[in-house]
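First the structure, in the form of structure tokens, and then the observations on it.
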Amino acid sequence: MLDIKFIRENKDIIKEAARKKHLSFDVDQLLVVDKERLVLLSTVEQLRSEQNRLSDAVSTATDQTVRATFIDQVRVLKETLKAKEEELRDKMKEWQTLMLSVPNIPDMSVPEGESDVDNVEVKKWGDIQEFTFPAKDHVELMTQLKMVDFERGTKVHGFRGYFLTGKGVQLSFAIWNYALSFWSQRGFTPVIPPILARKQIFMGTGYLPQGEDDLYKTQDGDYLAGTAEVPVMGLHADEVLDAATFPIKYLGFSPCYRREAGSHSKDVKGLIRVHEFYKWEQVVLCEADHTTSVALHEEINRNTEEFIESLGIPYHTVVNCGGDLGQGQVKKYDIELWVPKEERYREISSASYFHDFQTRRGNIRYKDKDGTLRFAHSLNCTAIPTPRILVSLVENYQEADGSVRIPEVLRPYMGGETHIKN
RNA sequence: GGAGGAGUGGCAGAGUGGUCGAUUGCACUUGUCUUGAAAACAAGAGUCCCUUCACGGGGACCGUGAGUUCGAAUCUCACCUCCUCCGCCA
Numbered sequence: 114m115l116d117i118k119f120i121r122e123n124k125d126i127i128k129e130a131a132r133k134k135h136l137s138f139d140v141d142q143l144l145v146v147d148k149e150r151l152v153l154l155s156t157v158e159q160l161r162s163e164q165n166r167l168s169d170a171v172s173t174a175t176d177q178t179v180r181a182t183f184i185d186q187v188r189v190l191k192e193t194l195k196a197k198e199e200e201l202r203d204k205m206k207e208w209q210t211l212m213l214s215v216p217n218i219p220d221m222s223v224p225e226g227e228s229d230v231d232n233v234e235v236k237k238w239g240d241i242q243e244f245t246f247p248a249k250d251h252v253e254l255m256t257q258l259k260m261v262d263f264e265r266g267t268k269v270h271g272f273r274g275y276f277l278t279g280k281g282v283q284l285s286f287a288i289w290n291y292a293l294s295f296w297s298q299r300g301f302t303p304v305i306p307p308i309l310a311r312k313q314i315f316m317g318t319g320y321l322p323q324g325e326d327d328l329y330k331t332q333d334g335d336y337l338a339g340t341a342e343v344p345v346m347g348l349h350a351d352e353v354l355d356a357a358t359f360p361i362k363y364l365g366f367s368p369c370y371r372r373e374a375g376s377h378s379k380d381v382k383g384l385i386r387v388h389e390f391y392k393w394e395q396v397v398l399c400e401a402d403h404t405t406s407v408a409l410h411e412e413i414n415r416n417t418e419e420f421i422e423s424l425g426i427p428y429h430t431v432v433n434c435g436g437d438l439g440q441g442q443v444k445k446y447d448i449e450l451w452v453p454k455e456e457r458y459r460e461i462s463s464a465s466y467f468h469d470f471q472t473r474r475g476n477i478r479y480k481d482k483d484g485t486l487r488f489a490h491s492l493n494c495t496a497i498p499t500p501r502i503l504v505s506l507v508e509n510y511q512e513a514d515g516s517v518r519i520p521e522v523l524r525p526y527m528g529g530e531t532h533i534k535n
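Numbered by our numbering, the letters in the first sequence go through residues 114 to 535 in order.
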């Protein structure tokens, strides 16, 4: 959500934002509705003012006939008021619906483009190794090492179902624990949020009303979040925060549920795209300052890069083009890890900042030094998702004998073992 | 799942149809007094929206949403949250 005053004064910027993001949004329509809304609002308020005045007159009238006259007058007035109020209510709904689909303004540095193929590489790290033996893909490797069981996963859950088993489980826990320690040292407070959350909380982050198709909904009207970002952002909803605590840095851990509607033909095998996975997520709140947001955006993205570097997996970072940005994002980096058997990089992390787009929706404010209430800025970035990370990890660390070498940093969390083998 | 009770400003806590946006206490800000502080006294202070260059004016907000009424914090209905008791349960 953006400030309506800003939209009124900068409709060309909004138009340009929609164009760059390849979203269809009609600002002119919004501005027409906004004008109609204001006319109705002022009419209703004038009528109410008159009603208040007459009601006061009723209560102070001592003469019964005078009193009755006033009551008759308000009765007549009320009918007009009621009709206008209904009109206003409908107009407000129309206005709110439009307001919820206004795109946030992408940063100048965001490249032009339609989809992820137009994303621009900004960094490349690590040496891609040539295998001296026939390399296996993660499905084959992990199945043989009994780290995963896809067949039974499908039996139990269906399409995209999987069991993690044995060393697959241990490796997951190792990554989770290592990540917890890694980010704790960087000032993040760990949090395990409810992943089953209310509609309102999803509205706050912008996953609703758009994006409903990709969410699982319960019979009680709640939704399962696709990321801890949703409930962790909800944590401070409707609060006025103390600016002295900024930046607030949370590391949220949760299972994540995604219907993957519209991706049925993509990544049908393996652990790349599953309906249910786990993720550590960085969520940050800071003061409403562009420079601060930008600095923190670089910082949280860098955190994940350094984490991946410590695991020793080759990656590159791309800056997402306009068409690959969500409605609320100002700028986004994706970190993609090298998947040897696919001979390409696959997304592992996504770092975005939003300015006050989310905090307006979620009503997260703070008191500025000059005493005025402002909407905070919000950012988030994947810390590490499992089991997707295992794809690159096992493929890059496989040995000729079919075993998988364990990255040094994870060994303390794996009982000191150096290899996963049968 | 069943029965009962409650949700008021930063906190505590009055108010059960008519100048109530709301008594009061604590906390807060400013002033007087004081060398300074404390105490005492006085004054001030909520949020959102519309309008105005500005001073100002108007509207809304007592968990949320609807309703009754000339008028609702107060009455009615639905929902949400919390508390107590019973039942069930990792």
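Just so it is clear, CB atoms sit at the ideal spot from N, CA and C, and this is done for glycine as well.
In the three-state DSSP reduction, Ser-367 falls in the strand class (E or B). Three or more beta-carbon pairs drawn from the stretch 119-129 and the stretch 209-219 are found closer than 8 Å, and the two stretches are therefore classed as touching. DSSP lists Trp-238, Leu-450 as the bridge partner or partners of Tyr-428. By the 16-neighbour rule on beta-carbons within 10 angstroms, Arg-501 is buried.
Less than 8 Å divides the Cβ of Ala-464 from the Cβ of Asn-414. Taking the CA atoms as reference points, Tyr-320 sits about 10 Å from Glu-342. Leu-354 sits in a strand when the DSSP states are folded into three classes.
By the CB criterion at 8 Å, Leu-506 and Leu-384 fall outside the cutoff.
Counting only the Cα atoms, Thr-267 lies some 43 Å from Leu-115. Excluding five sequence positions before and after Ala-310, the CB atoms of its chain that fall closer than 7 Å to its own CB belong to Asp-335, Tyr-336, Ala-338, Val-343, Pro-344, Gly-347, given in chain order. For Glu-389, DSSP records a beta bridge to Tyr-370. In summary, Phe-315 is buried, with 16 or more beta-carbon neighbours lying within 10 Å of its beta-carbon over all protein chains present. Non-local beta-carbon contacts of Leu-486 in its own chain, meaning distances under 8 Å to residues more than five positions away in sequence, involve Val-353, Arg-478, Tyr-479, Lys-480 in chain order. Tyr-291 is positioned such that its CB atom lies closer than 8 Å to that of Val-522.
His-251 carries a helical assignment under DSSP once its states are collapsed to helix, strand and coil.
Contact check for Val-504 against Val-452 passes: the beta carbons are separated by less than 8 Å. Beta-bridge partners assigned by DSSP to Ile-361: Leu-398. By a beta-carbon distance limit of 8 Å, His-388 contacts Arg-372. Their separation comes to about 7 Å. Taking 3 residues as the minimum length, the beta strand (DSSP E) runs contained wholly in the stretch 198-244 are 233-238, in order along the chain.
Ile-477 is bridged by DSSP to Glu-352.
Rounded to the nearest angstrom, the gap between the Cα atoms of Gln-395 and Ser-228 is 25 Å. In the DSSP assignment, Asn-493 falls within the unbroken beta strand (DSSP E) covering 490-499.
For the pair Thr-404 and Glu-412, the Cα-to-Cα distance works out to about 12 Å. For Glu-530, there is no enclosing beta strand (DSSP E), as DSSP marks it with neither H nor E. Counting every other CB atom within 10 Å of its CB across the protein chains shown gives Lys-118 a total below 16, marking it as exposed. Look at the beta carbons and you see the stretch 196-212 touching the stretch 132-150: at least three pairs across the two are nearer than 8 Å. At a Cβ-Cβ threshold of 8 Å, Leu-450 and Val-223 do not count as neighbours. Note on Val-443: 16 or more other CB atoms within 10 angstroms of its CB, so buried under the neighbour-count rule.
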